[in-house]
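Once you know that position 195 of the sequence shown is 195 in full-length UniProt numbering, the rest is easy, because the numbers rise by one and skip nothing.
Backbone N, C-alpha and C define an ideal beta-carbon position, used for all residues, glycine too.
Here is the structure we will look at, set down as structure tokens.
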Amino acid sequence: METKKLLNAILDSSMHPIIHYNACRNGAGEIVDFEYGFVNEIARELLISRWVPLPIEGKRLLTYFPEVKNSALTKAFRRVIKTGKAEEIEYLHHAAVGSEHWYLISIVKHDDGITCTLQDVSKLKSTLFELDHKNRKYHRLFEQSMEPVFVMDEHYMVVDSNNVFDRMFGDLCDEQIDRLFCNEEDWQFVSAKLKKKRLLKEFEADLKSRRGKKVEALINISPVFDEGSETYEYLGVVRDLSARKQADREIMMAEKLSMTGKIARTIAHEVRNPLTNLSLALEQLKDEVGEGVEDADLYFDIIDRNAKRIGALISDLLNSSKPKALILKSGNMNEVLEHVANLVADRMRLQDIKLNMQLKSPLPEYEMDAEQLHTAFLNIIVNAMEAVAEKRGVIFIKTRKFKKHLEVIVEDNGKGIPAEELQEMFEPYFTRKREGTGLGLTTVQNIIRSHDGKIRVESKVGIGTKFIVSFPLR
């Protein structure tokens, strides 16, 4: 008796509610309810708050808590009695109207019953709920960011990335971030910065998209430390500058063309007048010099030919730099390209170059100056013919409707263009040809822009070059 009193006193002094239940069985031996056996003081207060009258011992669980009849709690009680294996279960207890408590209940078998120890984990659950809410909130911000965002560990391994990043660069989780950089020098600079300062601000680099295309980007990387831990991660934000850079280049090119036009008009005025006088003087000289003068016709021909060449160069310069006056008519882009293909067909046969036409049909009609576009595409295709090898050359001409644009693609398998020259392709007077003036592609760009179009070039040395011309559909 004294031992029992001592045990009860010890249990009553516990800071946690402790309750012993005896199993109530029917005639078939099935457990149908649970009877209160021992209840310590703190558990007694808890049960009284749910209007379980004193004395509690001997009363049945389902009489006062019918809602737990087929709950996870009573199922756990039955399992522990049946198997003898202790279990833990979380249970939400409604102490009063508007009052809720979460308990972690440890269940242990004793004879044909169980002893339950209840630990109030309401504050822990509330804290976990708040943390989960904040995590979901921050994760939404992470996922809904309009910029590509990634997280990497201290060894530069990607551990997480948002949807924008994945769409642009692919899923790089568990891969090194260095594979994203086009240039090894850029990555070496980034890794050195992170190693020294663990911070990278406003660094511009060329990155590789998931399709292998170059993305001009601005990168910021900052460390994220775990409290109480020496480990840390990096949060990286990438801003795609490609569109802005392209717009800057187009503005710069427009300014260069404008300046070139002013220079061209000045040169034309200053050169054409004395050139005209030179031509008139030459005709006069031809009349006055007799036929007996040795090699006179030879020198006259040299002067005349070079004067005409200077005149032609000035005309080309003026035509390449001034905006084109267009005579717009609704037309079909496929017909324009078929006409140009017919113009170069004989030359292609002579050089044994294959032409592969992939013209999408039907194409939307487009307001165009067909003659001007003939000139532009002829120039592009002739450049492609000069870039490919005889008997092995292949040129593809493709059309398609892409989103809200009409696209023309001219692609060859020629020698390609070095990356450092791609940015200068449309500069006036830039040429790699011995006899070229460097105004052909400037004229092409001028014609395309006059049609509100855009032109860009992609090339790899030894593989080939691709011209993509895009016209907006209205």
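Checklist entry - Roughly how many angstroms separate the alpha carbons of Q445 and L298, rounded to a whole number? => result Stepping through the sequence shown from its first residue, residue 445 is reached at position 445. Stepping through the sequence shown from its first residue, residue 298 is reached at position 298. Q445 and L298: Cα-Cα distance of roughly 40 Å.
Checklist entry - Thinking C-alpha only, which one of F467, N162, I267, D178 is nearest A387? => result Start at 1 with the first residue of the sequence shown, and residue 387 comes out as number 387. The candidate whose alpha carbon is nearest that of A387 is F467.
Next on the checklist: Tell me the DSSP secondary structure of A325 in three-state form.
Outcome noted: The residue given as residue 325 occupies position 325 in the sequence shown. Three-state DSSP puts A325 in coil, outside helix and strand.
Item to check | Whether N379 touches L313 by CB criterion (8 Å) | outcome: Taking the sequence shown and counting its residues from 1, one reaches residue 379 at position 379. Taking the sequence shown and counting its residues from 1, one reaches residue 313 at position 313. Using a Cβ distance threshold of 8 Å, N379 and L313 do not count as a contacting pair.
Item to check | Residue burial classification, L172 (beta-carbon count within 10 angstroms, cutoff 16) | outcome: Within the sequence shown, numbered from 1, the residue matching residue 172 stands at position 172. Result: buried.
Checklist entry - Going by alpha carbons, who is nearest to Y91 out of K82, L73, V80, T83? => result As a working note, residue 91 is residue 91 in the sequence shown. The residue among K82, L73, V80, T83 with its C-alpha nearest the C-alpha of Y91 is L73.
Checklist entry - Where does I114 sit, in a helix, a strand or coil, going by DSSP? => result Here residue 114 is taken as the residue at index 114 of the sequence shown, counted from 1. Taken through DSSP and simplified to helix, strand or coil, I114 comes out as strand.
Next on the checklist: Suppose the cutoff is 7 Å on Cβ atoms and the five residues either side in sequence are ignored; what does the same chain contact list for R418 look like?
Outcome noted: Here residue 418 is taken as the residue at index 418 of the sequence shown, counted from 1. One detail in the question is off: residue 418 reads as Pro in this sequence, not Arg. Around P418: V461.
Item to check | Rounded Cβ spacing between H405 and L355 (contact assumed at less than 8 Å) | outcome: Within the sequence shown, numbered from 1, the residue matching residue 405 stands at position 405. Within the sequence shown, numbered from 1, the residue matching residue 355 stands at position 355. In fact, because the Cβ distance is near 24 Å, the residues do not count as touching under 8 Å.
Next on the checklist: Nearest by alpha-carbon distance to A243: which of L235, K214, G236, V224 is it?
Outcome noted: Taking the first residue of the sequence shown as 1, we reach residue 243 at position 243. Per the Cα distances, K214.
Checklist entry - Buried or exposed: residue 533, going by 16 or more other Cβ atoms within 10 Å of its Cβ? => result Look at the range of the chain in this structure, 1 to 474, and you will see that residue 533 is not part of it.
Checklist entry - Which first and last residues belong to the alpha helix (DSSP H) in which K398 is found? => result What you label residue 398 is simply residue 398 of the sequence shown in a count that begins at 1. Careful: K398 lies outside any alpha helix (DSSP H), inside the beta strand (DSSP E) at 394 to 402.
Item to check | Helix, strand or coil at K196 according to DSSP, with G and I counted as helix | outcome: Start at 1 with the first residue of the sequence shown, and residue 196 comes out as number 196. Correct three-state label for K196: helix.
Checklist entry - Is DSSP giving K69 helix, strand or coil here? => result Residue numbering aside, residue 69 sits at position 69 when the sequence shown is read from its first letter. It is coil, neither helix nor strand.
Item to check | Distance, K125 Cα to R60 Cα | outcome: Taking the first residue of the sequence shown as position 1, residue 60 is located at position 60. Taking the first residue of the sequence shown as position 1, residue 125 is located at position 125. Answer to the nearest angstrom: the Cα atoms are 29 Å apart.
Next on the checklist: Assuming contact is defined by CB atoms lying nearer than 8 Å, are N334 and L359 in contact in what I supplied?
Outcome noted: On the sequence shown, position 334 is the one that residue 334 refers to. On the sequence shown, position 359 is the one that residue 359 refers to. Yes.
Checklist entry - If A217 sits next to L194, beta carbons under 8 Å apart, how far is it from one beta carbon to the other, in whole angstroms? => result Numbered from 1 along the sequence shown, position 217 holds the residue referred to as residue 217. Numbered from 1 along the sequence shown, position 194 holds the residue referred to as residue 194. Actually they are not in contact, since the Cβ atoms of A217 and L194 sit about 17 Å apart, beyond 8 Å.
Checklist entry - When DSSP labels each residue in this structure, what does V410 get in the three-state scheme? => result The sequence position of residue 410 within the sequence shown is 410, counting from 1. Looking at V410 - three-state DSSP - the assignment turns out to be strand.
Next on the checklist: Does D153 pass the burial test, meaning 16 or more other C-beta atoms within 10 Å, or should it be called exposed?
Outcome noted: Position 153 of the sequence shown, counted from the first residue, corresponds to residue 153. With fewer than 16 Cβ atoms within 10 Å of its Cβ, D153 is classed as exposed.
Checklist entry - Which whole-angstrom value describes the C-beta separation of E147 and V238, a residue pair presumed to lie in contact below a C-beta threshold of 8 Å? => result What you label residue 147 is simply residue 147 of the sequence shown in a count that begins at 1. What you label residue 238 is simply residue 238 of the sequence shown in a count that begins at 1. Yes, E147 and V238 are in contact; Cβ-Cβ is about 6 Å, under 8 Å.
Item to check | Cβ distance (whole Å) where H20 is taken to contact G37 below 8 Å | outcome: Sequence index remark: in the sequence shown, residue 20 carries index 20 (1-based). Sequence index remark: in the sequence shown, residue 37 carries index 37 (1-based). Indeed they touch by this definition, with Cβ atoms about 4 Å apart.
Checklist entry - S122 by DSSP, collapsed to three states: which one? => result Along the sequence shown, one-based indexing puts residue 122 at 122. In the structure shown, S122 sits in a helix (DSSP, three-state: H, G or I).
Next on the checklist: I need the DSSP call for Q176, collapsed to helix, strand or coil.
Outcome noted: Here residue 176 is taken as the residue at index 176 of the sequence shown, counted from 1. Note: Q176 maps to strand in three-state DSSP.
Next on the checklist: Taking the alpha-carbon of I447 as reference, which of R249, F129, N273, L373 has the nearest alpha-carbon?
Outcome noted: As a working mapping, residue 447 is identified with position 447 in the sequence shown. Checking every option, the nearest Cα to that of I447 belongs to L373.
Checklist entry - Do W187 and D174 come within 8 Å of each other at the CB atom, strictly closer than that value? => result Along the sequence shown, one-based indexing puts residue 174 at 174. Along the sequence shown, one-based indexing puts residue 187 at 187. No, the Cβ-Cβ distance between D174 and W187 is not below 8 Å.
Checklist entry - Could you check where the beta strand (DSSP E) with F34 kicks off and where it finishes? => result Start at 1 with the first residue of the sequence shown, and residue 34 comes out as number 34. F34 -> beta strand (DSSP E) spans 31 to 39.
Checklist entry - Mapping DSSP to helix, strand and coil, what is R210? => result Position 210 of the sequence shown, counted from the first residue, corresponds to residue 210. Reduced to three states, the DSSP call for R210 is coil.
Checklist entry - Cβ of I81 within 8 Å of Cβ of K123? => result Here residue 81 is taken as the residue at index 81 of the sequence shown, counted from 1. Here residue 123 is taken as the residue at index 123 of the sequence shown, counted from 1. I81 places its beta carbon 8 Å or farther from that of K123.
Next on the checklist: Rounded to whole angstroms, what is the Cα-Cα separation between I56 and D120?
Outcome noted: As a working note, residue 56 is residue 56 in the sequence shown. As a working note, residue 120 is residue 120 in the sequence shown. Approximately 21 Å, taken between the alpha carbons.
Item to check | N- and C-terminal bounds of the beta strand (DSSP E) containing S361 | outcome: For this step, residue 361 is matched to residue 361 along the sequence shown. Neither: S361 is in no beta strand (DSSP E) and is coded neither H nor E.
Checklist entry - Out of curiosity, what's the CA-to-CA distance linking G331 and H155? => result For the purposes of this step, residue 331 is taken as residue 331 along the sequence shown, with counting starting at 1. For the purposes of this step, residue 155 is taken as residue 155 along the sequence shown, with counting starting at 1. One C-alpha to the other measures close to 58 Å.
Item to check | Distance between K208 and F471 (C-alpha atoms, nearest Å) | outcome: Counting from 1 along the sequence shown, the entry for residue 471 is found at position 471. Counting from 1 along the sequence shown, the entry for residue 208 is found at position 208. Using only the alpha carbons, I get a separation of about 26 Å.
Next on the checklist: What does the alpha-carbon distance come out to for the pair L458 and M385?
Outcome noted: Here the question's residue 458 lines up with position 458 in the sequence shown. Here the question's residue 385 lines up with position 385 in the sequence shown. Sequence check: residue 458 is Glu here, not Leu. Straight-line Cα distance between these residues: approximately 16 Å.
Item to check | Assigned exposure category for E288 - 16 Cβ within 10 Å defines buried | outcome: On the sequence shown, position 288 is the one that residue 288 refers to. Flag for E288 reads exposed.
Checklist entry - Where do the N-terminal and C-terminal ends of the beta strand (DSSP E) with S470 fall, by residue? => result By 1-based counting over the sequence shown, the position of residue 470 is 470. Counting along the chain, S470 sits inside the beta strand (DSSP E) bounded by residues 464 to 472.
Next on the checklist: My output table needs one value for Y299: the three-state DSSP class, helix, strand or coil.
Outcome noted: Here the question's residue 299 lines up with position 299 in the sequence shown. Helix, per DSSP.
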